[in-house]
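In what follows, a single structure is set out as structure tokens and then discussed.
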Amino acid sequence: MRDFASLLGGQYQTIFGAGSSCSGTGNLSSDGCSSGSSGSTPQRRRSESLGPFRRRLRSEFSLLDYFFHQPKHGRHTRYPNRTFMLMAAGFMFITCGALVHILDPYLLIFKWKLIFQEGSEIFNLWRTPPVDLYIKIYLFNVTNAEDFLAGRAEKMQIEEVGPYVYRELMSHDNITFNENGTLSTRPHHPLIFQKGLSGNLREDDVFMMPNIALLSIANVASKQPYFYRWPINLLIRQTRVQPLERQTAREFMYGYPTTLTTLGNTFLPSWISFDKVGLIDRMYDFDDDFETIYTGETSASMSGLYDTYLGSPNLAQWNGSHCSNIRNASDGTKFKSFVEPDDQLLFFRKSMCRAQILIQNGTDHEIDGLKATKFVFEENALDNGEFDPRNKCYCREGKCLPRGLIDVTSCYYGFPIALSYPHFLDADPKVLMHVNGSRPDPKAHRSHFMINP
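Mapping the sequence shown onto UniProt numbering, position 301 (from 1) lands on 301, and the numbers just tick up by one.
So, in structure tokens, the structure goes:
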């Protein structure tokens, strides 16, 4: 140990002295001892008082020297010790590994990529989805209209015709970024008829269909004072229009000018502001719509979801948050990210007049190399409270339609329209008793969503 200390500390002896008394009376000798008398002099006393400090400092320098320097031919040459460098590199790798495990850089980058920003990839995909979105529309032709109107048939006989295929050019226009982590936009959903995908069907095909204009004005007028109803009833009798009439497929879907709509605009100016009444035309009327959408700044997983619709998180047509809430719903462009196994999602489109709860169903699938989870509409979503008391708020003025039908009259300008699944799937059996030709099939008529979690 003494030899080791001598080896490490030898180079500092010429600076701090040997710590023992030196004899002689000459100048500074080659071994670092000062010549002089052996008696106690001021210089000697000062040297002895500094001895402990010198030894401690020598020890500290020797320890640092051990790590940073290696001897070469009896002298210390300054270059890094390999052991120390390996220790530093190992510590650095361990630290980086721990940070990668804790912070997950991939997850951080993914979250950052989910935030809507002007020019960002996810924002451009949401603003104008680069997918071919097709809408398939099936119509029901009434094959015994004359007998039914004359009272010779108790039920309408219907025949399904379709699909009429339209491409939906979905986009979000007039976008303004807000300071609260949302953006404001106006949705745009024009439909383009696809002849090649509609088989032999054409928009000018003629069928016997419900007269929506007549049924609508009659329903709205029934709630008006007598002096409004009387002239309307008189004009309806004079025009001799019928509840069922021959129309082309396009006229039924997009409407056509009639004396009835002119009559409605004249006597009921606050009712409608358009000159034709078509079912699909009204369902896809987004001219006055505006909405606010989360950008993901406050929570990356929520980007693309509704904050408000028409300035409110609740639809004015319903009472109670269960029926009216659309906040955190998706219009189908982008759903919530980082979906957990027990999560429920919300889906909202204006045509539905409500948000629908989606629940996970079945096992995961793989589509084009991506994991996809199957979601379906919540069971008994259209039961009007028969099984789920929360759905009582879908009843109008205390009157509930049979299970499987939702009254959406207030969403369509007073048109007497009810929402149901195709062919009255999951509806009360008594609904099917009023019509012939409806054949609900869960495999063909059940809706589902495949969502990447």
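Just so it is clear, CB atoms sit at the ideal spot from N, CA and C, and this is done for glycine as well.
Every value quoted in this text rests on a predicted model; they were computed, and no experiment measured them.
Counted within 10 angstroms of its Cβ, other Cβ atoms place residue 251 as buried (16 or more) or exposed: Here residue 251 is taken as the residue at index 251 of the sequence shown, counted from 1. Buried, because 16 or more other Cβ atoms sit within 10 Å of the Cβ of residue 251.
Distance between residue 285 and residue 172 (C-alpha atoms, nearest Å): Taking the sequence shown and counting its residues from 1, the one referred to as residue 172 is at position 172. Taking the sequence shown and counting its residues from 1, the one referred to as residue 285 is at position 285. Those two C-alpha atoms are separated by around 14 Å.
Boundaries (first-last residue) of the beta strand (DSSP E) holding residue 355: Taking the first residue of the sequence shown as position 1, residue 355 is located at position 355. Looking at the DSSP string, the run of the beta strand (DSSP E) that includes residue 355 is 354 to 360.
Residues that DSSP places opposite residue 372 in a beta bridge: As a position in the sequence shown, residue 372 is number 372, starting the count at 1. 365.
8 Å contact criterion, which residue 422 and residue 445 should meet: CB distance rounded: By 1-based counting over the sequence shown, the position of residue 422 is 422. By 1-based counting over the sequence shown, the position of residue 445 is 445. About 4 Å separates the Cβ atoms of residue 422 and residue 445, confirming a contact at the 8 Å cut-off.
First and last residue of the uninterrupted beta strand (DSSP E) at residue 187: The residue labelled residue 187 in the question sits at position 187 within the sequence shown. First-last of the beta strand (DSSP E) with residue 187: 182 to 188.
Where residue 434 sits in the DSSP three-state scheme: What you label residue 434 is simply residue 434 of the sequence shown in a count that begins at 1. In this structure, residue 434 counts as coil in the three-state DSSP scheme.
Exposed unless 16 or more other CB atoms sit within 10 angstroms - verdict on residue 344: Here residue 344 is taken as the residue at index 344 of the sequence shown, counted from 1. Under this definition residue 344 is an exposed residue.
For residue 173, the three-state DSSP class (helix, strand or coil): As a first step, residue 173 must be located in the sequence shown, where it is residue number 173. Strand, per DSSP.
Where residue 450 falls, given that 16 or more other Cβ within 10 Å makes a residue buried: Taking the sequence shown and counting its residues from 1, the one referred to as residue 450 is at position 450. By the neighbour-count rule (16 or more Cβ atoms within 10 Å), residue 450 is not buried but exposed.
Sequence-distant residues of the same chain with beta carbon closer than 8 Å to residue 149, five excluded per side: Residue mapping note: residue 149 aligns to position 149 of the sequence shown, counting from 1. Same-chain partners within the cutoff: 242, 243, 244.
Terminal residues of the beta strand (DSSP E) in which residue 286 lies: Indexing the sequence shown from 1 puts residue 286 at position 286. Neither: residue 286 is in no beta strand (DSSP E) and is coded neither H nor E.
Those runs of the alpha helix (DSSP H) which lie wholly inside the stretch 283 to 339 and span at least 4 residues: 321 to 324
Neighbour-count burial assignment, residue 296, 16 or more Cβ in a 10 Å radius: Locating residue 296 in the sequence shown gives position 296, counting from the first residue. Buried.
Outcome for residue 320 when other beta-carbon atoms lying within 10 angstroms are tallied against a minimum of 16: As a position in the sequence shown, residue 320 is number 320, starting the count at 1. Counting Cβ neighbours within 10 Å, residue 320 comes out exposed, since fewer than 16 surround it.
Residue 192 versus residue 227: straight-line alpha-carbon distance, rounded: As a working note, residue 192 is residue 192 in the sequence shown. As a working note, residue 227 is residue 227 in the sequence shown. One C-alpha to the other measures close to 43 Å.
Residue 138, buried or exposed, once every other Cβ within 10 Å from all chains shown has been counted against 16: For the purposes of this step, residue 138 is identified with residue 138 of the sequence shown, where counting begins at 1. It counts as exposed.
Alpha-carbon spacing of residue 293 relative to residue 120, whole angstroms: In the sequence shown, the residue the question calls residue 293 occupies position 293. In the sequence shown, the residue the question calls residue 120 occupies position 120. Using only the alpha carbons, I get a separation of about 16 Å.
Same chain, Cβ closer than 6 Å to residue 161, neighbours up to 5 away in sequence not counted: Within the sequence shown, the letter at position 161 stands for residue 161. Same-chain partners within the cutoff: 139, 141.
Inter-residue spacing [alpha-carbon to alpha-carbon] between residue 352 and residue 178: If you number the sequence shown from 1, residue 352 lands on position 352. If you number the sequence shown from 1, residue 178 lands on position 178. Distance between the alpha carbons of residue 352 and residue 178 is about 28 Å.
Spatial distance of residue 372 from residue 239 (CA atoms): Position 372 of the sequence shown, counting from 1, holds the residue named residue 372. Position 239 of the sequence shown, counting from 1, holds the residue named residue 239. Approximately 55 Å between the Cα atoms of the pair.
Identity of the residues DSSP links to residue 200 by a beta bridge: What you label residue 200 is simply residue 200 of the sequence shown in a count that begins at 1. Per DSSP, none; premise fails for residue 200.
Distance, residue 317 Cα to residue 298 Cα: Residue mapping note: residue 298 aligns to position 298 of the sequence shown, counting from 1. Residue mapping note: residue 317 aligns to position 317 of the sequence shown, counting from 1. Roughly 30 Å separates the two Cα atoms.
Whole-angstrom distance between residue 167 and residue 433, CA atom to CA atom: As a first step, residue 433 must be located in the sequence shown, where it is residue number 433. As a first step, residue 167 must be located in the sequence shown, where it is residue number 167. Roughly 35 Å between the two C-alpha positions.
Endpoints, alpha helix (DSSP H) assigned at residue 123: Within the sequence shown, numbered from 1, the residue matching residue 123 stands at position 123. 121 to 127 is the span of the alpha helix (DSSP H), which, as asked, contains residue 123.
As assigned by DSSP and simplified to three states, the class of residue 136: Along the sequence shown, read from residue 1 onward, the residue named residue 136 stands at position 136. Residue 136: strand per DSSP, three-state reduction.
Nearest candidate by alpha-carbon position, reference residue 337, set 253, 452, 247: Mapped onto the sequence shown, residue 337 falls at position 337. Of the candidates 253, 452, 247, the one whose C-alpha sits nearest the C-alpha of residue 337 is 452.
Contacts around residue 364, its chain only, beta-carbon distance under 6 Å, and the 5 residues preceding and following it disregarded: In the sequence shown, counting from the first residue as 1, residue 364 sits at position 364. Cβ neighbours of residue 364 beyond the five flanking positions: 371, 373.
Cutoff 8 Å; reference residue 135; Cβ partners in own chain excluding five residues on either side: Residue mapping note: residue 135 aligns to position 135 of the sequence shown, counting from 1. Leaving aside the five residues that flank residue 135 on each side, the residues in its chain whose CB is nearer than 8 Å to its CB run, in chain order, 165, 166, 167, 168, 191.
Secondary structure of residue 148, DSSP reduced to three states: Your numbering for residue 148 matches position 148 in the sequence shown. DSSP places residue 148 in helix when its eight states are reduced to three.
Integer Cβ distance of residue 404 from residue 395, believed to fall under 8 Å: On the sequence shown, residue 404 is found 404 positions in, with the first residue counted as 1. On the sequence shown, residue 395 is found 395 positions in, with the first residue counted as 1. Their Cβ separation, rounded to whole angstroms, is 14 Å, which puts residue 404 and residue 395 out of contact at 8 Å.
Beta-carbon proximity list for residue 442, same chain, < 7 Å, skipping 5 on both sides: Locating residue 442 in the sequence shown gives position 442, where the first residue counts as 1. Excluding residues within five positions, the ones whose Cβ falls inside 7 Å are 425.
Nearest neighbour of residue 181, chosen from 223, 89, 266, 308 [CA to CA]: In the sequence shown, residue 181 corresponds to position 181, counting from 1. The shortest C-alpha separation from residue 181 is found at 308.
Through-space distance from residue 185 to residue 411, alpha-carbon basis: Here residue 411 refers to the residue found at position 411 when the sequence shown is read from its first residue. Here residue 185 refers to the residue found at position 185 when the sequence shown is read from its first residue. Spanning the two alpha carbons is a distance of roughly 21 Å.
C-beta atoms of residue 281 and residue 257 nearer than 8 Å: Position 281 of the sequence shown, counted from the first residue, corresponds to residue 281. Position 257 of the sequence shown, counted from the first residue, corresponds to residue 257. Residue 281 places its beta carbon 8 Å or farther from that of residue 257.
Entirely enclosed alpha helix (DSSP H) segments - the stretch 219 to 246, minimum 4 residues: 226 to 239
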